[in-house]
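Read through the structure below, which is laid out as structure tokens, and then see the notes.
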Amino acid sequence: MTSSRLWFSLLLAAAFAGRATALWPWPQNFQTSDQRYVLYPNNFQFQYDVSSAAQPGCSVLDEAFQRYRDLLFGSGSWPRPYLTEMGVLLCCPGWS
């Protein structure tokens, strides 16, 4: 498990190295899996645990949650715009 955590930490650091100066605060714990999931911003949220001393309004965690959302999904609109129509004009010499 320790090697999995190290690998995951290095993977996160490499993935976000160009986008963030630091990832903080780190999660208290996490689990790794070979299973992959699709995350949609509209169905995803970070939450405070009801037993946590920190609750909504804690600026440090609120800002961290926003940073993590931006790192995961970007700060632009979602879903990403997709192509709905395309026109193609081909010009061939000698044809009108």
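For reference, each letter of the sequence shown is one residue, going -22 to -1, 1 to 74 in mature numbering (1 follows the signal peptide of the UniProt record, and there is no 0). Just so it is clear, CB atoms sit at the ideal spot from N, CA and C, and this is done for glycine as well.
Start-to-end residues for the alpha helix (DSSP H) that takes in residue i
i   : result
D48 : 37 to 51
Alpha-carbon to alpha-carbon, residue j and residue i
i          : j   : result
N21        : F43 : 15 angstroms
L17        : A31 : 28 angstroms
F51        : P19 : 7 angstroms
residue 88 : P5  : This structure cannot settle anything about residue 88, because the visible part of the chain is limited to -22 through 74.
Q23        : S37 : 16 angstroms
DSSP-derived helix/strand/coil call for residue i
i   : result
N7  : coil
P19 : helix
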